[in-house]
Amino acid sequence: MAVRAEDVEQVKADASAGDPLKSRRRLPLPFRELPESGMTELAEHCRDSGMEQMFLTALKISR
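Okay, so the sequence shown: first residue is 3 according to the working numbering, each after it adds one.
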């Protein structure tokens with residue numbers, strides 16, 4: 003598998019602030035497996051969380 007898209011963000015580890023990654027997550031938790039017909043739902047989640055371009059890049063779709 004090749005990486006086609008990634009978004010790297012530096013996060014400082016601060017034990018007093020709790021889980022620093024939790025506030026940075028873009029997709030809703032908990033993750034759940036989608037059926038094979040769930041591409042539209044995945045696209046909607048990506049669009050709603052500002053990751054539409056990354057989704058399209060991962061599928062090699064250019065707009």
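The beta-carbon is built from N, C-alpha and C at its ideal position, and this holds for glycine as well. If you're wondering where the values come from, they're calculated on a predicted model, not measured in any experiment.
Contact check, residue i vs residue j, beta carbons under 8 Å
i     : j     : result
Val13 : Leu23 : yes
Met41 : Ala7  : no
Leu29 : Ser64 : no
Rounded straight-line distance, which links the Cα of residue j to that of residue i
i     : j     : result
Glu38 : Asp21 : 32 Å
Lys62 : Ala45 : 14 Å
Ser25 : Pro32 : 14 Å
Glu54 : Arg27 : 15 Å
Leu36 : Leu58 : 18 Å
Cys48 : Ala60 : 12 Å
Local conformation of residue i per DSSP, three classes
i     : result
Leu44 : helix
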